[in-house]
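Engineer:
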Amino acid sequence: MSIDTPLAGGLEPVAAIGDAVTVEQLSISYRAGRELVPVATEVSFTIAEGQTFGLVGESGSGKSTVARTLLAQLRAGSQVTGGQVRVAGQDVFGLDPARLRALRGGTVALVAQNAGQSLTPSMRVGTQIHEAMTSHGLRASRADVLRALDQVRLPNVKDLARRYPHELSGGQQQRVGIAMAIAARPSVLVLDEPTTALDVVTQAAVLRLIKDLSRELQTATLIVSHDLGVVSGMADHVAVMRAGRILESRPTAELFTAPGHEYTRQLLSDVPTLGARSRTASVAPAAGAGQEPEPPADTRNRGSDVLLSCENVSISYHASGPPAVDSVDLEIRRGETLAIVGESGSGKSTLAWSLAGLAAPSSGTMRVHGDSVTGTGGDLARPVARRSRELRQMVQLIFQNADTSLNPRRTIAAAIRRPLRLFGTVARAEERRRVEELLTEVGLPASFGKRLPAQLSGGQRQRVGIARALAAAPELIIADEITTALDVSVQADILELLSGLQESHGLSTLFISHDLAVVADVADRVMVMKNGRVVEIGDVADVFSGPNHPYTASLLDAVLEPGVLELPQSPAEEQTWIDDNPGGWFEPSPGHLIRKWKGTGNR
Amino acid sequence: GVSNGVAEIPLAAARGAAAPGRRMRIARPAASAAETLDPASSLSAYEYLGAIYNRLVKLDEQGTTIPDLASEWSSTPDGKTWTFKLRRGVLFHDGRALTASDVIYTLGHILDPKTGSPQAGVLAPILEPSGVTASDSHTVVFTLTSPNAEFPSLLTAYQCYIIPAGSAAAIGRTGIGTGPFKLSSYTPAGRGSVEAFAGHFAGPPALDGIDFYSVQDTSARVNALLAGQIDLISQTNLDFATARVVASSPVATVARAKDAQWYTIPMLATSKEFSDPRVRQAMKLAYNPEDIVATALQGNGSPGWDNPVPPGYADALDHTRPYDPEKAKALLKKAGVEGLQMPIYTSSYDSVFTPLAVAYAEAVKQAGIQLTVTSASSDSYYTEIWMKKPLSVSYWFTGRPVDQLLNQVFRSGSSYNESAWSNKAFDRLLVDARREMNDERRRGIYQDAQRLIIEDGADMTPMFGDRLVGLSRKVVNYSEFGFEFDYLKIGLS
Amino acid sequence: MKSTLRGAGPAFIIGIVLILGNVLLALLAPWISPYDPVASDSAAALQGPSGTHWLGTDMYGRDILSRTLNGGRYALQVTFLATTIAVAIGALLGCLVAYLGGWFDDVVMRVVDAILSVPTILALLVVVSVLGSGMWVIVLAVVVVYTPAVIRVVRGAARSVKSLDYVTAARARGERAGPIVLREILPNVSDVVLVEYAMRASWVVLLISTLSFLGFGANPPAPDWGLMVAENRTALTVVPWATLGPVAALASFVIGLHLTSDGLGKRLGVDRAMTGVK
Amino acid sequence: MPLLILRRLGSAVLTIVLASLLVFLAIQALPGDVVQQILGRDATPEAVAQMRSELGLDTPVFLRYIQWLFGALQGDFGTSLVSGEPVGPNLLLHFRNTLLIAIPTVIISVTLSIVLGVIAGLRRGKLADHSISLISLLAMSIPEFMVAALLVLAFAVGIPLFPAVVLDGPQASLAQLLPSIWLPVIVLSLAMAAYIIRMTRTSTIDVMTSEFITTAELKGLRRARVVMRHALPTALLPTLNVVAINIAWMLGGVVVVENIFNYPGMGNLMLEAVFNRDLPVIEAVAVVSAAIYVACNLLADLAAMALDPRQRLRQRTRRGTGVGAGTTASPAISTDERSQP
Ligand SMILES: Nc1ncnc2c1ncn2[C@@H]1O[C@H](COP(=O)(O)OP(=O)(O)OP(=O)(O)O)[C@@H](O)[C@H]1O
Ligand SMILES: Nc1ncnc2c1ncn2[C@@H]1O[C@H](COP(=O)(O)OP(=O)(O)OP(=O)(O)O)[C@@H](O)[C@H]1O
Ligand SMILES: [Mg+2]
Ligand SMILES: [Mg+2]
Ligand code: NI
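Chains as they are written, first to last, in my numbering: chain P, 2 to 604; chain Y, 447 to 939; chain X, 5 to 282; chain D, 201 to 541.
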């Protein structure tokens, strides 16, 4: 069946003339003790039929709160303190229960951020979609359900409809969420960070789908995101929120080219971009004849200032099945930043953790080389328990999630003091002073030492994480997605801090990220991983300018940059290539290596 | 002090006409799962015995020996040969007529060491199996090895119920006797029933039948009575508070059997603590029985003054002794156990055990004796604690003839000698008493024996308690003496 | 403490007050009870509540109020000791087992399951009938039967803490199991441990009174809540105060423990989930 | 999935065997010689030696355990030291009687408490919630023996609706026992329901705040459908464990209630065996109870699999890296195992 076939069922068109959504002077507060704390203040906007409205802003600025009022939903304890929300001409907060039910799902539908948690785990996917249709008076047959699934371009819909949510991938879950939302053909679609949990490639595909569908259904769409790139690609009109207020609200193109508000400008400048890059087209699979496969490490060996070298490292969690990290070779030089990018599950963290001694490699060598002066160094293939103190000290890990990487029951000072004590970096009497020094170094007041992690913001916590790593006086820092959980502006600060420290301490860094733009910003070299294997490695400039491995190419294609008003066309979500056996590498420019591949003919 | 509004405890059960065709339901504490209907056994199920069997002779409420299956008896002047004439026309439940051979068989069974009958300890010293003969089908002659003036009273023990000849192997389950009721079902430690036996020589009983139930927990038995599920609780002496609850119930009431419970505190004479007579003496001097009666029995009984023979008995020694904690202290000091400390065991087996132990422990504090009241499980009390621990509390039903009482509980080596006391002089007195055919002089010897118990004995008798029996208001003509009711007359209105 | 109190609600405060009240009364009982709890007075038997005996007297004329006040001493003492030991051992072992995992976890959890599968009362009765009913025996018995349950609960909580990054960070630093369990894991399951403590304690106190009721716990004439109920229950209609007094005391203590544990549990997460604020 | 069930089954059997070994060893450690106890004080050394070998007590403990285990596997639990009768049939009889009160108790308490728990959870903070919570709090706090005593007083002695105690022995027919089961059933139901209500309430509250319920509500579904279809299956998950543990507790240890009502069930048998030191009976009761406990837990796991498809996956120990790893400290995990009285 074709995706263009309109949905069956007698849906009465919602009488909507002009604006489908009108939010007027909306103010919302929640009660904390006796006081009312405002969450949204005098928010106004309208969305016309067929239009997409974007809401951006930092975390906690009130985006979700405002968006969900379109479905007349308020968090427990919150109340509307002023203004009103009209959807299809009705004041949503004045509806009786029956009408409210008709509004929800029927007139306005929501696609939530985390589809994995928004789908009922105990119910088959098909049933959930079916009930979304029937609860709004649509007669729906099994075929209708399958059609809805097909419409969001899910494969194998017959089988899929019978599955439970946990049997789907994140991208598939999100598509089901979308199918469910549009099942009753609503006239307004609310998207609350619909792609934040997805990797870039999937994100691009899902956004494309939403855009196509809302165009097709002529819905008024509200999209909430903290990602300027997403909003810029999706919305016709964008509003920037901060602390519950709309700072400015303008047509998308205008906002990105000529931001009116200081805060917007700041926001835009904080977003790392790939910048102007001129990519050469992907190399042909068979290209590079003559440059015969050689172990990449050999070709990259550029002298004695190598700090870390890994050869042929494989790491498995299970005896059977493919290893999580498969025959990886890499090298990091002193003072260098090597970035690893790749989709979720490609083995980035596994490699990092193995270097940190938390998972022993099943084969291969990993060595850290001592500096020429002290001559210390050692075998990183050993688990941490069997490493010397110096070796443990040399390699330090910083975690993605600053919330969970600090013990909530210990003060900041205690967290930083622990490595000092353990590695004997400074004398006991000096510890206090050193802790304060480190805090200052990462840009925190020394008085923060007395606080517990809960009393810090996310960015501040990540600074503490960095200070704790620095306390060990390491030579190599492994930063595993350390900014993923942070707002762009905070991310910019942290990245800046990190590169500053790296320079002043002469540190080498293994920087793991899924965000190519960030990588482009901070790394000297970049390594692309897929399914546990390295598919491409090289200097940042080389990799970003191409030619590329098709997987790298699809990553680069999927990047959404603020100010780019179009979404990438039909991003390749499925893998169109396989490794070329017997494999080998090809090197378009010195130090830029690409794994050989073969096309599969898909697409 | 009795608070207002609560019924007083009645003195006796109702008399009156029993309605015909009634069945009575009796709850009894579950004995061991090994219990049996063999009357000679030490593990017999008491309640059934009186209903299904008869003895040659029985004791009346004044303690005199009266006829049961024997219509008359006499002895030679030396007291060595006793002749019993059997009642004629007595039938066993299986239809056979009672003859002298059944009596001979029964005594042989009792005296058989394999039976392990407690009564063997009483009879064996004076009677050999071959000493029981029949002069005709309804006359039995006992030839004793030594004279015994009290011999008939020894046959009033409940172990002496007559069973049919040749029935020893099966009697534990069949329960075939000559009694007013005939066994219809029986489970050890479980329920069972008896039905009126039309062929009983004294005519059928007032009841059509009796159902026996075993109920473990005392409160459960009481609740069953209050809920009207049963008509009588046997072997349960209600505590005072419970008795008041029962007495005020619309369906149940209480009957009192005066001085029916003989409470003892055996001091194991073989234990290291009590092998010294001075210590035993001190334990006695250290308490005042009158206080114990007041606290443990709420006055519902009489002080025992360590004399096991109930005060109403003709042979009882009239005696009180001084209460003298100072002297007790001195005695203990002399014995080298000043400030004696030890546990006194009790259990919920009888409702007065714990109050008795508590009251006693409280009383002897004055003499510097520290007793910790230790409660043991009621089910295994008589197998695990009694006669095993140095100091415990115990009780007997009164209603034994004096000779048997002294012989069973105090003579050296008797299996019921709960204090394991052994005194040659005492044993000799008992033999002398049996030889003495003159009632007056015999009484004198018994009183000497009582004196010995009071002075040297290891079993204290702080008091005799009234037994408070819970029964339905419908029960009439209830009377209980010794171990058994009057099964013939008891009925339901 | 202050932060624990906040947000736990008034029920929590009531709970704490009930617990402290009972503990305080039990502690002060020897001084504040008007009569000797074991002294019987035949003249005063079975009296109703009055000015001289506020809660009346039992069948031996003992003062119910004095017995009730003193009746918690034994139970609370055993509860405190047994719960503390069981929870302490259980918490430590639970964390250690969760952290170390592997065969150690397997072996310990098998044994834990095996002990849990034997009925509590049976295990207690066997221990008590073997070793006697001394206080330490009961403490030991309760510890034996309840520690495994604590291990299971704490292990469950510790396993989720174990995978958190700060534990990983400690491992990456090369910390040993001891400090990791004590510094990183234990403090972060302390909420669970605290709630568990209160819940356990409520069962222990009920269990102990049940043992006393069955005749395996405190010995007469000792004043003990369970024992008092056992002694006076058939006479419930004549001397209701003799049964209801101790039951009310026992129940108030248990209610206190439940309310406290609820309050702590609320702070542990239920309420946070309610407002939807992380 | 069958592999998963098989593995659970394997560990269940292991648990029972281990439990039986523990109890066996504990019983062996009892002071006092069984033979001396049976034969009494006057036993001759020859008689003791003979009985020892008759009872097989002269073989090493471990061997004896193996022998016992083999016997038990064939359904032969030995003979009672007190009655001299085989343990098996008697145990079966008591077990049957306990089931007679257990089954109605489970049916009544589980349905009632789930309904009440869900109502309390849905109406959180309202009058219904407060009264349900208060009643369950009281039910948890008043000892069973008191509840039983009051019920007897009210409904057997006061108004004679039910028998106060069971007069019939273990062999009584089901029809004979039937009138007697109701008071025990009420007492046990109250005790059991309290915990299930609380657990159900908590997990209902938990689930009702989860995102998928919000989504279902925002789909415009009726409240009843949201509750019944979307919330309940997940909300009942933590309850299952509590139910299982409570059922096991009830079957294995209704000692107090059976004692008070003189009910001839397993609890009474157990009490009696402990009183009498009837070791084979104690061992058999322990094993049967362990089996019940393990079976209940197994059933709870299977029910969980039926309710929640996620449970059918073997739980992988995913190393905590991503954002998701931090969110596992749900109160349900810590409360489910907490409800073993
Ligand atoms: N009922 C309430 N109780 C407590 N806090 C509330 C309540 N309602 C809203 N808030 C707070 O209001 C702020 C706005 O929340 P909202 O979820 O709308 O932000 P957001 O912009 O969507 O953030 P994010 O990007 O993190 O999703 C947050 O700080 C939130 O904690
Ligand atoms: N503890 C573990 N046990 C078993 N398999 C694991 C474990 N940790 C990770 N894996 C698997 O190993 C593979 C690589 O995982 P890894 O976490 O290294 O990926 P990643 O590139 O860091 O992904 P992400 O971007 O999501 O962090 C994945 O397939 C993952 O499922
Ligand atoms: Mg949001
Ligand atoms: Mg990762
Ligand atoms: Ni609970």
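Using N, Cα and C, we set each Cβ at its ideal position, and we do this for glycine too.
Using a threshold of 8 Å, is the CB atom of residue 346 of chain P nearer than that to any non-hydrogen atom of ligand 2?
Structural biologist: For ligand 2, at least one heavy atom lies less than 8 Å from the Cβ of residue 346 of chain P.
Engineer: Can we say the segment 469 to 478 of chain P touches the segment 423 to 440 of chain P, given the rule of at least three CB pairs closer than 8 Å?
Structural biologist: With a cut-off of 8 Å, the segment 423 to 440 of chain P and the segment 469 to 478 of chain P count as touching, because enough Cβ pairs lie within range.
Engineer: Sorry if obvious, but does the Cβ on residue 404 of chain P come closer than 8 Å to a heavy atom of ligand 4?
Structural biologist: No; taking the cut-off as 8 Å, the Cβ of residue 404 of chain P has no heavy atom of ligand 4 nearer than that.
Engineer: Do you know offhand how far residue 330 of chain D's Cα is from residue 432 of chain P's?
Structural biologist: So the alpha carbons of these two residues sit roughly 53 Å apart.
Engineer: Whole alpha helix (DSSP H) runs in the segment 478 to 558 of chain Y with 4 or more residues, listed along the chain?
Structural biologist: Here the runs fully enclosed are 492 to 498 and 546 to 557.
Engineer: Note down, in chain order, each residue of its chain lying with its Cβ closer than 8 Å to the Cβ of residue 522 of chain P, except the 5 sequence neighbours on either side.
Structural biologist: Contacts found: 273 and 496.
Engineer: Mind the definition here: the segment 396 to 416 of chain D touches the segment 305 to 321 of chain D only if three or more C-beta pairs lie below 8 Å; say whether that holds.
Structural biologist: The answer is yes - the segment 305 to 321 of chain D touches the segment 396 to 416 of chain D, with three or more Cβ pairs under 8 Å.
Engineer: Note down the Cα distance separating residue 680 of chain Y from residue 914 of chain Y, rounded to an integer number of angstroms.
Structural biologist: Taking the straight line from one Cα to the other gives about 10 Å.
Engineer: Just checking my contact of residue 480 of chain D with residue 280 of chain D at CB under 8 Å: how many whole Å lie between their CB atoms?
Structural biologist: Correct: roughly 6 Å between the Cβ atoms.
Engineer: How about residue 400 of chain P and residue 481 of chain P: do their beta carbons lie closer than 9 Å?
Structural biologist: Yes.
Engineer: Scan the segment 35 to 80 of chain P and note each continuous alpha helix (DSSP H) run of 4 residues or more that stays entirely inside, going in chain order.
Structural biologist: With a minimum length of 4 residues, the continuous alpha helix (DSSP H) runs that stay inside the segment 35 to 80 of chain P are 64 to 70.
Engineer: Distance cutoff 9 Å, beta carbons only. Does residue 299 of chain D sit that close to anything in chain X?
Structural biologist: No, its Cβ sits nowhere closer than 9 Å to a Cβ of chain X.
Engineer: Within the chosen definition, does the segment 357 to 365 of chain D reach the segment 283 to 293 of chain D through at least 3 CB pairs nearer than 8 Å?
Structural biologist: They do not touch, by the three-pair rule.
Engineer: Distance check for residue 772 of chain Y and residue 786 of chain Y, CA to CA, integer angstroms please.
Structural biologist: Each residue's alpha carbon lies about 14 Å from the other.
Engineer: Residues of chain P with a CB under 8 Å from the CB of residue 173 of chain X: which are they?
Structural biologist: Within 8 Å Cβ-Cβ: 398, 400, 406 and 469.
Engineer: Along chain D, in chain order, which residues have C-beta atoms closer than 8 Å to that of residue 661 of chain Y?
Structural biologist: Those within 8 Å of residue 661 of chain Y in chain D are 365, 367 and 462.
Engineer: For residue 362 of chain P, return the contacting residues in chain X, with the cut-off set at a CB-CB distance below 9 Å.
Structural biologist: Ordered by position in chain X, no residue passes the 9 Å Cβ test against residue 362 of chain P, which lies about 16 Å from the chain.
Engineer: Is the Cβ-Cβ distance between residue 102 of chain X and residue 165 of chain X less than 9 Å?
Structural biologist: Result yes, Cβ atoms of residue 102 of chain X and residue 165 of chain X sit closer than 9 Å.
Engineer: Please work out which residues of its chain come closer than 8 Å, Cβ to Cβ, to residue 881 of chain Y, disregarding the five sequence neighbours upstream and downstream, and give them in chain order.
Structural biologist: Hits under 8 Å: 525, 592, 593, 594 and 595.
Engineer: Among D:496, D:474 and D:421, which has the Cα closest to the Cα of residue 442 of chain D?
Structural biologist: That would be D:496, whose Cα lies nearest to the Cα of residue 442 of chain D.
Engineer: For chain Y, check one thing: does any of its Cβ atoms lie closer than 9 Å to the Cβ of residue 236 of chain X?
Structural biologist: Yes, its Cβ sits closer than 9 Å to a Cβ of chain Y.
Engineer: For ligand 7, I want to know if residue 349 of chain P counts as a neighbour, meaning its beta carbon is within less than 8 Å of at least one of the ligand's heavy atoms.
Structural biologist: Of the ligands this structure carries, namely ligand 1, ligand 2, ligand 3, ligand 4 and ligand 5, none is ligand 7.
Engineer: Would you report the Cα separation of residue 405 of chain D and residue 98 of chain P, rounded to the nearest angstrom?
Structural biologist: Whole-angstrom Cα-Cα distance: 22 Å.
Engineer: Check distances from the C-beta atoms of the segment 785 to 798 of chain Y to those of chain X and list, in chain order, the residues that come in under 8 Å.
Structural biologist: Against chain X - using a Cβ distance shorter than 8 Å - the residues of the segment 785 to 798 of chain Y are 792, 793 and 794.
Engineer: Which class does residue 921 of chain Y belong to by DSSP, given the choice of helix, strand or coil?
Structural biologist: In this structure, residue 921 of chain Y counts as strand in the three-state DSSP scheme.
Engineer: Taking residue 360 of chain D as the query, report the chain Y residues whose CB atoms sit under 7 Å from its CB, ordered along the chain.
Structural biologist: In chain order: 673 and 674.
Engineer: Which residues, taken in chain order from the segment 339 to 358 of chain P, show a beta carbon closer than 9 Å to some beta carbon of chain X?
Structural biologist: Within the segment 339 to 358 of chain P, the residues whose Cβ lies closer than 9 Å to some Cβ of chain X are 354, 357 and 358, listed in chain order.
Engineer: Should residue 463 of chain P be listed as close to ligand 4, given that the test is whether its C-beta is under 8 Å from any heavy atom?
Structural biologist: Flag unset: Cβ of residue 463 of chain P not near ligand 4.
Engineer: Measure the alpha-carbon distance for residue 424 of chain P versus residue 335 of chain P and round it to whole angstroms.
Structural biologist: Their Cα atoms are separated by approximately 22 Å.
Engineer: Excluding the 5 residues flanking residue 99 of chain X on each side, which residues of the same chain have their C-beta closer than 7 Å to its C-beta?
Structural biologist: Excluding positions up to five away in sequence, the list reads 158, 162, 185, 189, 190 and 193.
Engineer: Less than 8 Å between the CB atoms is what I'm expecting for residue 666 of chain Y and residue 462 of chain D, so what's the real figure, rounded?
Structural biologist: Confirmed, about 4 Å.
Engineer: Taking residue 353 of chain P as the reference, give the member of P:510, P:422 and P:235 with the closest Cα.
Structural biologist: Checked all of P:510, P:422 and P:235; the closest Cα to residue 353 of chain P is P:510.
Engineer: For residue 263 of chain D, count neighbouring Cβ atoms within 10 angstroms of its own Cβ and tell me buried if that reaches 16, exposed if not.
Structural biologist: It counts as exposed.
Engineer: Could you compute how far the alpha carbon of residue 230 of chain P sits from the alpha carbon of residue 498 of chain P?
Structural biologist: Looking at the two C-alpha atoms, the distance is approximately 24 Å.
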